[in-house]
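Residue numbers (the working numbering): 980 to 1344.
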């Protein structure tokens, strides 16, 4: 589909949301379109940035992500401090977080995408990611059914730095932590490239910087409009849960996760009232508009590669629920709104990524 008719369809859907659902949901759909257009247009991939660092000793992708985290924290933390009706992306430090983050980091390299990456690449028409999207949703739903059991293995109360320390101290601590990571990444790449006799790659590249600035602004708009930080994974699990509930395949309401009042309500409401789902739909639409009817090029996969990718996608969804989010919900929104669980998630997921890259190379992706 060409951009003009697609834009007309998106405008009609926006107008219908505005008239029939709510102003908030229409606004979140528009924010989602912006997120999808930036992610796809700038190829701002969290998975790709980590792979560039490990395989090519190229820090620009990770520095783009660190800039994004810093800008988002600068925008979000004062808002959280001044407007108590806004909520942070809090998750409990737990066994499920430790296991889920590591497994997620491993599988996202095999599946070539985290939650947002899977969405925007599916919108670009990449066959593997389009096929992974539904199995990701199934995996996220299965993870929600087992989450209560995982939490019983051990958990602590969520810790929010803004509420614990106040937003100025929380922001300074967050920026100091990000600066420390940046210094470590820079030193590692400089040393590794020097030893290999390669030219040191720049820390900042235009597409990553522009993407970081735009995503930080859009994520802040999402926080203000939705009242909660940008997330992706919850919408996937909700879609699969609604299908399971409607078909009677699973007694969804009897599970610990879906019996929680807020989740039970969303299970009964139309998916268009869920803030995460409507943003996800917007991301798909924004990426589709970028592709303009011309799917992104992708290497054909063998049967074995397809099987490995789909299994990775299923486990990716499952582990994302255990870890209380993906690179967006756990890392980006967690750290930028002051949640300790975001800082726990990152090193575990990065450790998983190192193993995932080895598996990815083994199967020739």
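Positions of the beta carbon are idealized from the N, C-alpha and C atoms, including for glycine.
Requested in this report: Compare the beta carbon distance of residue 1070 and residue 1285 with 9 Å and say whether it is the shorter of the two.
Outcome: no
_Can you tell me whether residue 1257 is buried or exposed? The criterion is at least 16 other CB atoms within 10 Å of its CB, across all chains shown._
That one is buried.
Identify which residue in 1269, 1338, 1155 has its Cα closest to the Cα of residue 1022.
1269
**Asked** Which one of 1079, 1006, 1161, 1231 has the shortest CA to CA distance from residue 1309?
**Response** 1079
| said: My output table needs one value for residue 1139: the three-state DSSP class, helix, strand or coil. | reply: strand
- [ ] Return the CA-CA distance between residue 1109 and residue 1099, expressed in angstroms with no decimal places.
- [x] 9 Å
Going by CA-CA distance only, name the one from 1132, 1105, 993 that's closest to residue 1279.
1105
Would you say residue 1349 and residue 1087 are within 9 Å of each other, going by their C-beta atoms?
The requested residue 1349 is not part of the displayed model; the chain covers only 980 to 1344.
Start-end ranges of the alpha helix (DSSP H) lying completely within the region 1284-1327, minimum 4 residues: 1312-1315
| So does the region 1200-1215 actually touch the region 1023-1041, counting three or more Cβ pairs closer than 8 Å? | no
Review point. How would you label residue 1232, buried or exposed, when you count the other beta carbons within 10 angstroms and need 16 or more for buried?
Key: exposed
Review point. Taking residue 1112 as the reference, which of 1277, 1263, 1276 has the closest Cα?
Key: 1263
* Assigned secondary structure, residue 1022 (DSSP; H/G/I helix, E/B strand, else coil) -> In this structure, residue 1022 counts as coil in the three-state DSSP scheme.
Answer with buried or exposed for residue 1187, where buried requires no fewer than 16 other C-beta atoms within 10 angstroms of its C-beta. buried
Is the region 999-1006 close to the region 1240-1253, with three or more CB pairs under 8 Å?
yes
Report task. Indicate whether the contact test is met: 3 or more Cβ pairs, each with one atom in the region 1292-1309 and one in the region 1210-1230, closer than 8 Å. Result -> yes
| task | Look up residue 1073 in the DSSP assignment and say whether it is helix, strand or coil. | result | strand
Q) What is the rounded straight-line gap between the Cα of residue 1176 and the Cα of residue 1035? A) For residue 1176 and residue 1035, the distance between alpha carbons rounds to 13 Å.
Quick one: what's got a C-beta closer than 8 Å to residue 1336's C-beta in the same chain, skipping five residues either side? 1030, 1033, 1034, 1088
Practice task
Quick one: grab the DSSP three-state call for residue 956.
Solution key: Residue 956 cannot be examined here, being either before or after the span of the chain that is shown, 980 to 1344.
- request: With distances taken Cα to Cα, identify the nearest neighbour of residue 1223 among 1051, 1118, 1011.
  value: 1118
Q. My guess is that residue 992 and residue 1182 are in contact by the Cβ rule of under 8 Å, so how many angstroms apart are they, rounded?
A. Rounded to the nearest angstrom, the Cβ distance from residue 992 to residue 1182 is 40 Å, too far for a contact under 8 Å.
Requested in this report: Return the first residue and the last residue of the alpha helix (DSSP H) that residue 1240 is part of.
Outcome: Where residue 1240 is concerned, the enclosing alpha helix (DSSP H) starts and stops at 1240-1247.
Once the 5 residues before and after residue 1218 are set aside, which same chain residues still bring their CB inside 6 Å of it? 1116
#### Entry: Residues near residue 1136 by beta carbon distance below 7 Å, same chain, minus five either side
1071
### Task
Please report how far the alpha carbon of residue 1204 lies from the alpha carbon of residue 1005, in whole angstroms.
10 Å
### Message
Can you confirm whether the region 1125-1141 touches the region 1325-1344 when touching is taken to mean that 3 or more C-beta pairs between the two stretches lie within less than 8 Å?
### Response
no
- Task: Would you identify the three-state DSSP class for residue 1091, choosing helix, strand or coil?
- Result: coil
query = Going by the beta-carbon positions, is the gap between residue 1160 and residue 1317 smaller than 9 Å?
reply = no
Q. From residue 1068 to residue 1312, what does the alpha carbon distance come to, in whole angstroms?
A. 6 Å
Query raised in the report: Looking at the unbroken alpha helix (DSSP H) that takes in residue 1269, where does it start and where does it end?
Result: For residue 1269, the uninterrupted alpha helix (DSSP H) segment begins and ends at 1254-1270.
Checklist entry - Quick one, which of 1331, 1191, 1342, 1344 has its alpha-carbon nearest residue 1081's? => result For residue 1081, the nearest C-alpha among the options comes from 1331.
How many Å lie between residue 1166 and residue 1173 at the Cα? 11 Å
| Whole-Å CB distance - residue 1202 paired with residue 1014, under 8 Å assumed | The pair is not a contact, with the Cβ atoms about 13 Å apart (cut-off 8 Å).
Alpha carbon to alpha carbon, how far is residue 1259 from residue 1053? Give it in angstroms, no decimals.
24 Å
Item checked: Distance, residue 1334 Cα to residue 1124 Cα -> 27 Å
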